[in-house]
Amino acid sequence: MSAEYYVPRLYEFLRQLAANNNREWFAANKPLYLELRQQWEADVDRLIAYMSAWEPRLSHLTAKTAAYRIYRDIRFSPDKSPFKTYFSAAFSPYGKSTHRACYYLHFDGTDEGGLYGGLWCPDSGMLRKLRRAIVDNIEEFEGIVNAPALQEAFPQWYGATLKTVPKGYDRDHPQAHYLRMKEYGRFAPIAPTQFCDPAWPEIVAERFSKVRPLVEFLNYSLDE
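Residue 1002 is where the sequence shown starts when you use our numbering, and the numbers rise one by one after that.
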């Protein structure tokens, strides 16, 4: 790996931003931010191209349309820090603001960074529909989430859960674990050093492909 590769510099920038999360520091360092952002977006474009090989419906995306802004919406937040301390992007045929299941990249140089695949913050109607779909198609669903390829690539469930099973289901329901979920997402922790490999877009795209069956199950269940 070249000593000039941008990712270690990006990690350092994000660490410095976390320690100086104010508009003055950001303005003074904006040229560096723009340089790093451009290089990162070029890699995100490469990632989209690799993902499009197995999900052609993503081919219309670009880094500009998939990546989230670094500026925080602080209007209704008690935390008035103006900037996010990570880079992130979501990949979906429906766009990054979709309420459908999608693929998500969180890039911050810590162990919190990694890949996510699934559905977050569905409304109550969507949750009811997904719970019915899981119960009615439990063999298919468990075949997807217990597949060795998915288990290895995305080893963890990630998302909020209820303390008890929702109304309408027996507390001892055999699928109680799935019924208690308020979100259906899997997480793949990625060590920061792995993103220091210039081949990371290709590696990440291959890993995202392992969670595709879950993303597709969730979305076609919502469409039925």
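Cβ atoms here follow ideal geometry from the backbone N, Cα and C, with glycine treated the same way. Note that the coordinates shown come from a computational prediction; the quantities given were computed from them, not determined experimentally.
_Taking the straight line between their C-alpha atoms, what separation do you get for Leu1120 and Ala1050?_
Along the sequence shown, one-based indexing puts residue 1120 at 119. Along the sequence shown, one-based indexing puts residue 1050 at 49. Rounded to whole angstroms, the gap between the alpha carbons of Leu1120 and Ala1050 is 23 Å.
*Which runs of the alpha helix (DSSP H), 4 residues or longer, sit entirely within the segment 1102-1171?*
Runs found: 1125-1137, 1139-1146, 1149-1154.
*Please list, in chain order, all residues of the same chain as Asp1112 whose beta carbon is under 8 Å from its beta carbon, the five residues on each side excluded.*
To locate residue 1112, count along the sequence shown from 1; it is residue 111. Counting only residues of its own chain and dropping the five nearest sequence neighbours on each side, Asp1112 has a CB closer than 8 Å to the CB of Pro1190, Ala1192, Pro1193.
*Reference Arg1058; option with closest CA among Asn1147, Arg1213, Leu1223, Ser1222*: As a first step, residue 1058 is located in the sequence shown; it is residue number 57 there, counting from the start. Cα-wise, what sits closest to Arg1058 is Arg1213.
*So what does DSSP say about Ala1192, is it helix, strand or coil?*
Residue mapping note: residue 1192 aligns to position 191 of the sequence shown, counting from 1. Ala1192 falls in the coil class under three-state DSSP.
*Grouping DSSP H, G and I as helix and E and B as strand, with all else coil, what is Ser1060?*
Locating residue 1060 in the sequence shown gives position 59, counting from the first residue. In the structure shown, Ser1060 sits in coil (DSSP, three-state: anything other than H, G, I, E or B).
_I believe Arg1101 touches Ser1089 by the beta-carbon criterion, under 8 Å. Please report the beta-carbon distance rounded to the nearest angstrom._
If you number the sequence shown from 1, residue 1101 lands on position 100. If you number the sequence shown from 1, residue 1089 lands on position 88. Incorrect: roughly 17 Å between the Cβ atoms, too far for contact.
*asked:* Only counting the same chain, and skipping five residues up and downstream in sequence, which positions put a Cβ closer than 8 Å to that of Ala1067?
replied: Here residue 1067 corresponds to residue number 66 of the sequence shown, with the count starting at 1. Excluding sequence neighbours, Ala1067 sits near Val1045, Ile1049, Ala1090, Ala1091, Phe1092, Lys1097.
*How should Arg1132 be labelled, buried or exposed, when 16 other C-beta atoms within 10 angstroms of its C-beta is the threshold for buried?*
Here the question's residue 1132 lines up with position 131 in the sequence shown. Buried, because 16 or more other Cβ atoms sit within 10 Å of the Cβ of Arg1132.
*Please name the residue, chosen from Thr1099, Arg1129, Arg1024, Pro1202, that lies closest to Ala1054 on a Cα-to-Cα basis.*
The residue labelled residue 1054 in the question sits at position 53 within the sequence shown. Selected option, being the one with the closest Cα: Pro1202.
*Mind checking Gly1118: buried by the 16 CB within 10 Å criterion, or exposed?*
Your numbering for residue 1118 matches position 117 in the sequence shown. The residue in question, Gly1118, is buried, as its Cβ has 16 or more Cβ neighbours within 10 Å.
*Should the segment 1151-1162 be regarded as contacting the segment 1173-1189, the criterion being three or more beta carbon pairs within less than 8 Å?*
Yes, they touch.
*For Arg1187, the three-state DSSP class (helix, strand or coil)*: Locating residue 1187 in the sequence shown gives position 186, counting from the first residue. The answer is strand: DSSP assigns Arg1187 an E or B state.
*Starting from Ser1053, trace the alpha helix (DSSP H) both ways and give me its first and last residue.*
In the sequence shown, the residue the question calls residue 1053 occupies position 52. It spans 1031-1053 - the alpha helix (DSSP H) in which Ser1053 sits, taken as one unbroken run.
*Return helix, strand or coil for Ala1091, following the three-state DSSP convention.*
Counting from one through the sequence shown, the residue named residue 1091 turns up at place 90. In the structure shown, Ala1091 adopts extended strand secondary structure according to DSSP, grouped into three states.
_Under 8 Å: do the segment 1073-1084 and the segment 1036-1045 share three or more Cβ pairs, one atom per stretch?_
Verdict: no, contact absent.
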